Every structure is written in C-alpha cells, then in structure tokens.
Amino acid sequence: MGDDEIAAGAQPRCPSCGVVMRDEPGAYVCPSCGEVEAMPAVEMPPGFDGPGIHGG
C-alpha cells in the first residue's frame with residue numbers, strides 16, 4: 020500500500036490545532052478545542068432480497 024492509500028483511511032486532524040479528531044454520530048470532533056467537522060452523508064446500499072445460499 021502506498022502512503023496516499025494509508026492517508027485516505029486516516030482520522031482527520033483538526034484544522035485549528037492539529038489534534039486527531041474523534042468520531043461522533045454524524046461528525047468529527049476535536050477533543051482539544053471542540054472544533055466540529057460534519058461528515059458527509061453516505062447512501063446505504065439496498066438490502067439483499069433474494070434466496071439464501073442454502074435455499075432459505
């Protein structure tokens with residue numbers, strides 16, 4: 020894996036103080052200064068509606 024691939028999966032850093040932000044429902048929050056960065060909404064894939072592997 021390259022550095023770009025690793026960086027893409029990293030937690031974001033606070034734009035104000037540089038501390039790693041924490042996950043909160045619907046946002047990232049800086050534990051140091053309280054900066055909040057909203058997470059973009061993600062469309063969930065549809066649920067599977069078909070026969071199971073074992074015919075169920």
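Numbering (my numbering), first residue to last: 20 to 75.
Glycine is no exception: its CB is placed at the ideal position from the N, C-alpha and C atoms.
Fair warning: this is a prediction, and the values are worked out from it, not measured in the lab.
TODO: With DSSP as the reference, please indicate the residues paired to Glu-62 in a beta bridge.
DONE: Paired residue(s): none; Glu-62 is not in a bridge.
TODO: Taking all protein chains shown into account, decide if Met-40 is buried (16 or more other Cβ within 10 angstroms of its Cβ) or exposed.
DONE: Taking a 10 Å sphere around the C-beta of Met-40, we find 16 or more other C-beta atoms and assign the residue as buried.
Open item on the list: Cutting at 6 Å between CB atoms, please list the residues of its own chain near Cys-49, excluding the five before and the five after it.
Closed with: Around Cys-49: Cys-33, Val-38, Met-40.
- [ ] Note down the Cα distance separating Asp-68 from Ser-35, rounded to an integer number of angstroms.
- [x] Their Cα atoms are separated by approximately 46 Å.
TODO: Please confirm whether Ala-46 and Met-58 have their CB atoms less than 8 Å apart.
DONE: Yes; because the gap between Cβ atoms is below 8 Å, this pair is in contact.
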